[in-house]
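Here is the structure we will look at.
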């Protein structure tokens, strides 16, 4: 599975799958619409340097030249995936260095269970006056 065993070829394919959603009808890449790309945080048992969603955001960033900037501290209370773990997790915590307000942000995440993490991240970013669009990769089996 991609979340556990990072696969650069699959990650690049996923980024290419997202790419049409980041283009105008004329095929031009929408570079001026987003100030940056960010992601939901890694869960407690994931290594941030090997976090597959960071890899995906970086691949999209390379394709679009929109900068990728991590926004959230690693989760400490979400050790496992699953409906109950996702629904009972704490609020998303922004990094202390995060001072981005009133910007247009592309939020990238993969959704395995409920989408709660993506929703919590969206709410935290919007609370700072940011406009947030999401690209959510859904795993269906």
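Numbering (the working numbering), first residue to last: 160 to 300. Here a beta-carbon is modelled for each residue, glycine too, at the ideal position from N, C-alpha and C. These numbers were taken from a predicted model, which means no experiment stands behind them.
9 Å Cβ cutoff met for residue i and residue j
i, j, result
"residue 197", "residue 230", "yes"
"residue 180", "residue 294", "yes"
"residue 268", "residue 174", "no"
Where residue i sits in the DSSP three-state scheme
i, result
"residue 264", "strand"
"residue 206", "coil"
"residue 181", "helix"
"residue 269", "strand"
"residue 223", "helix"
"residue 253", "strand"
"residue 276", "helix"
"residue 292", "strand"
"residue 287", "coil"
Residue i CB to nearest heavy atom of the ligand GTP below 8 Å
i, result
"residue 188", "Annotation note on the ligand GTP: not contained in the displayed structure, which lists no ligands."
Beta-carbon contacts of residue i that lie in its chain and below 6 Å, excluding the five residues immediately before and after
i, result
"residue 193", "225, 263, 265"
Q.
Between the region 211-226 and the region 247-262, can you find at least three pairs of beta-carbon atoms closer than 8 Å?
A. no
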